[in-house]
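Reading through the structure tokens given below for one structure.
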Amino acid sequence: MIRSASLNFDGDDQRIVITGVGLTAPNGDNLTDFRAALLAGRSGVDRYHIRYVGDTLAGQCHFDELKYQKRKELRRGTRAGSVSIYCANEAVANSGIEWDKINRERVGVYIGVTEHGNVETENEINEIKAFNYDTKVWSHHHNPRTVANNPAGEITLNMGITGPHYTIGAACAAGNAGLIQGAQMLLLDECDFAIAGGVSESIHTFGIFAGFASQGALAANEDPTQASRPFDRDRNGIVVSEGGCLFTLERYSAAAKRGAKIYGELVGHAMTSDASDFVLPNPEQQSRCMNLALQRARLNAEDIDIVSTHATATTSGDIQECTALRTVFGKSKRTLINNTKSFIGHAMGAAGSLELAGNLPSFEDGLCHHTINVDNLDPECELPGLVLGEPRNKQEVNYILSNSFGMLGINSAVVIKKI
Amino acid sequence: MTNAEIREEVLEILESIAPDEDLSQLDDAVNFRQQLELDSMDFLDIVMELRKRHRVQIPEDDYVNLASMDSTVTYLTPLMKDIERV
Numbered sequence: 017m018i019r020s021a022s023l024n025f026d027g028d029d030q031r032i033v034i035t036g037v038g039l040t041a042p043n044g045d046n047l048t049d050f051r052a053a054l055l056a057g058r059s060g061v062d063r064y065h066i067r068y069v070g071d072t073l074a075g076q077c078h079f080d081e082l083k084y085q086k087r088k089e090l091r092r093g094t095r096a097g098s099v100s101i102y103c104a105n106e107a108v109a110n111s112g113i114e115w116d117k118i119n120r121e122r123v124g125v126y127i128g129v130t131e132h133g134n135v136e137t138e139n140e141i142n143e144i145k146a147f148n149y150d151t152k153v154w155s156h157h158h159n160p161r162t163v164a165n166n167p168a169g170e171i172t173l174n175m176g177i178t179g180p181h182y183t184i185g186a187a188c189a190a191g192n193a194g195l196i197q198g199a200q201m202l203l204l205d206e207c208d209f210a211i212a213g214g215v216s217e218s219i220h221t222f223g224i225f226a227g228f229a230s231q232g233a234l235a236a237n238e239d240p241t242q243a244s245r246p247f248d249r250d251r252n253g254i255v256v257s258e259g260g261c262l263f264t265l266e267r268y269s270a271a272a273k274r275g276a277k278i279y280g281e282l283v284g285h286a287m288t289s290d291a292s293d294f295v296l297p298n299p300e301q302q303s304r305c306m307n308l309a310l311q312r313a314r315l316n317a318e319d320i321d322i323v324s325t326h327a328t329a330t331t332s333g334d335i336q337e338c339t340a341l342r343t344v345f346g347k348s349k350r351t352l353i354n355n356t357k358s359f360i361g362h363a364m365g366a367a368g369s370l371e372l373a374g375n376l377p378s379f380e381d382g383l384c385h386h387t388i389n390v391d392n393l394d395p396e397c398e399l400p401g402l403v404l405g406e407p408r409n410k411q412e413v414n415y416i417l418s419n420s421f422g423m424l425g426i427n428s429a430v431v432i433k434k435i
Numbered sequence: 518m519t520n521a522e523i524r525e526e527v528l529e530i531l532e533s534i535a536p537d538e539d540l541s542q543l544d545d546a547v548n549f550r551q552q553l554e555l556d557s558m559d560f561l562d563i564v565m566e567l568r569k570r571h572r573v574q575i576p577e578d579d580y581v582n583l584a585s586m587d588s589t590v591t592y593l594t595p596l597m598k599d600i601e602r603v
């Protein structure tokens with residue numbers, strides 16, 4: 017049961033479960049392939065070229081864009097919309113719900129994004145450059161492409177959903193924010209079936225690469241697969257990635273009634289703010305966030321089997337998070353800790369949901385996937401339980417806590433329980 | 518451009534706007550909207566492409582002339598006869 021600070025909910029109607037997963041990551045376009053890549057230590061980072069910035073690295077997705085969209089729809093919409101549509105359709109199919117019988121007025125769409133509109137705006141400015149910046153050739157498609165709800169809206173258009181939809185801007189905590197929002201909307205009876213999570217088209221904007229480079233936070237490495245190196249002494253910044261992961265969420269009562277496969281139950285969540293810096297994370301608020309999620313889940317730190325870290329491979333960010341993690345989990349002798357960004361880079365709005373999804377199969381196979389590219393652990397990133405080298409067999413996994421932190425000091429944590 | 522070249526140009530623009538449609542059976546005398554799934558944004562795409570490719574400016578009041586291939590070619594002929602097709 018999700019327990020908020022001030023409200024008490026009881027009963028299976030107020031328990032929220034994950035019944036479907038649809039995803040695209042740089043190393044897999046469904047949960048089975050993604051999980052296999054994680055267990056095999058397979059990176060999805062590759063060489064990448066983008067205008068003005070030039071040659072760089074990125075995690076690119078390779079899902080079939082025409083699986084759920086026609087060419088015309090692809091042309092009309094955005095990349096974020098395309099990622100969203102793929103993930104939403106995959107999640108719904110994966111959930112086994114009878115989609116043609118569901119009341120689509122009661123389906124809600126809640127998508128976390130770090131940003132939206134940059135890709136299309138950069139494209140348009142590049143187009144009109146050839147016409148001496150004559151705005152008479154500025155696309156009439158620009159506004160519907162750049163409104164912030166575009167990724168969620170494109171899902172509703174594609175799937176005929178007439179329930180509520182919107183995106184949630186939450187920086188790199190967006191994936192968790194989307195999941196939390198979907199769960200809350202189910203609790204508030206705004207919908208009966210939620211499609212929730214996060215997406216990212218970020219690699220298609222040169223600005224994000226240039227911005228991180230100017231901050232001194234963009235990774236570089238001769239071998240792309242070794243570029244994303246959270247916790248490693250020689251880490252040198254972020255690999256930007258695109259991706260998406262959407263979950264279908266239902267009340268436990270409804271999911272059980274139709275015999276749905278249940279990936280896990282959302283039993284705790286928290287979001288806090290640092291209120292200290294635009295960019296530099298605050299370990300005190302990060303640990304307060306994790307503790308709040310644990311408190312709401314009515315758990316102690318040592319009850320958590322796996323912690324999925326946020327760590328993006330910036331010099332200071334990793335250290336701050338490890339300080340927070342040691343505060344919360346330092347005394348637990350049984351909690352294992354891993355990192356997914358070492359495999360796929362930073363999938364921005366999709367990061368939180370992809371990283372959670374990659375760990376959910378642990379409930380079934382008892383394995384905790386490892387963290388790659390840690391050849392020399394930074395002493396300031398020492399964590400008891402950090403899994404390096406190869407997956408660890410924990411035999412039984414019952415609780416996963418997944419962290420996502422973002423700029424402007426946004427913090428999020430979710431706790432999932434095996435059902 | 519000749520009438521035939523103008524038609525080719527318009528067809529090329531339609532192919533990019535409606536990439537899933539089969540245009541080989543297009544009836545030039547019949548309205549586009551009766552044969553293809555085109556909405557108002559698609560028609561603006563036609564206007565925009567003509568503007569970008571050939572600097573042809575079509576006032577809003579004249580959009581009604583773009584109803585069919587025949588009417589489109591007839592309308593564009595005086596505007597595009599001196600333009601060379603690349």
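Protein chains in written order, with my numbering: chain A, 17 to 435; chain B, 518 to 603. Just so it is clear, CB atoms sit at the ideal spot from N, CA and C, and this is done for glycine as well. Computed from a predicted model, the values in this text were never measured in an experiment.
Taking a contact to require three or more Cβ pairs closer than 8 angstroms, the region 206–220 of chain A and the region 229–236 of chain A do not qualify as touching.
By a beta-carbon distance limit of 8 angstroms, A:S332 does not contact A:N354. Their separation comes to about 21 angstroms. For secondary structure counted as the beta strand (DSSP E) over 3 or more consecutive residues, the region 262–330 of chain A holds these complete runs in sequence order: 280–289, 322–325. Going by C-alpha positions, A:I426 is about 58 angstroms away from B:E522. According to the DSSP assignment, A:S216 belongs to the beta strand (DSSP E) that extends over 209–216. Judged by DSSP in its simplified three-state form, A:Y415 adopts strand. With a cutoff of 9 angstroms on beta-carbon distance, B:M597 and B:E525 are scored as not near each other. Fully contained in the region 104–179 of chain A are the following beta strand (DSSP E) runs of length 3 or more, in chain order: 123–129. Of the other Cβ atoms in all chains shown, fewer than 16 fall within 10 Å of the Cβ of A:K117; this residue is therefore exposed. The alpha-carbon separation between A:E81 and A:R92 amounts to approximately 13 angstroms. Closest in C-alpha terms to B:V564, from the list B:D539, B:I575, B:L555, comes B:I575. Residues of the region 80–98 of chain A with a C-beta atom less than 8 angstroms from some C-beta of chain B are K86, R87, K88, R91, R92, listed in chain order. Ranked by Cα distance from A:D150, the options B:T519, B:Y592, B:R568 are led by B:R568. By the beta-carbon neighbour count (other beta carbons within 10 angstroms, threshold 16), A:Q197 is buried. Setting aside the 5 residues that flank it on each side, B:E566 is surrounded in the same chain by I530, each with a C-beta closer than 7 angstroms to its C-beta; the list follows chain order.
In the structure shown, the three-state DSSP call for B:V581 is helix. Taking a Cβ-Cβ threshold of 9 angstroms, none of the residues of chain B is close to A:H132; the smallest such distance is about 20 angstroms. Taking the CA atoms as reference points, B:P595 sits about 19 angstroms from B:A546. Where B:I563 is concerned, the enclosing alpha helix (DSSP H) starts and stops at 557–571. Contacts with chain A at 9 angstroms (Cβ-Cβ) include B:E554.
Boundaries of the alpha helix (DSSP H) around B:R550: 549–552.
Taken atom to atom, the span from the alpha-carbon of A:N165 to that of B:E538 is near 29 angstroms.
Residue pairing by DSSP puts A:G44 in a beta bridge opposite A:A41.
For A:S420, the secondary structure class from DSSP, reduced to helix, strand or coil, is strand.
Residues of chain B with a Cβ closer than 7 angstroms to the Cβ of A:K152 are, in chain order, R568. Look at B:I530 here: in three-state DSSP terms it is helix. Inclusion of A:L399 and A:R312 in the CB contact set at 9 angstroms is not warranted, their separation being larger than that value. Under the three-state reduction of DSSP output, A:L73 falls in the strand class. Against chain A, a Cβ distance below 8 angstroms from B:L561 picks out H156.
Under a 10 Å Cβ-count criterion, A:P42 is classified as buried, with 16 or more other Cβ atoms of the shown protein chains found around its own Cβ. In this chain, the beta strand (DSSP E) harbouring A:R63 covers 61–66. Linking A:S418 to A:H326 through their CA atoms gives a straight-line distance of about 8 angstroms. Under the criterion of beta carbons closer than 8 angstroms, A:A243 and A:G284 do not qualify as touching, at roughly 33 angstroms. Ranking A:N375, A:R245, A:F421 by CA distance to the CA of A:N392 puts A:R245 first. Taking the Cα of A:L402 as reference, the smallest distance to any Cα among A:I360, A:D321, A:V430, A:S428 is reached at A:D321.
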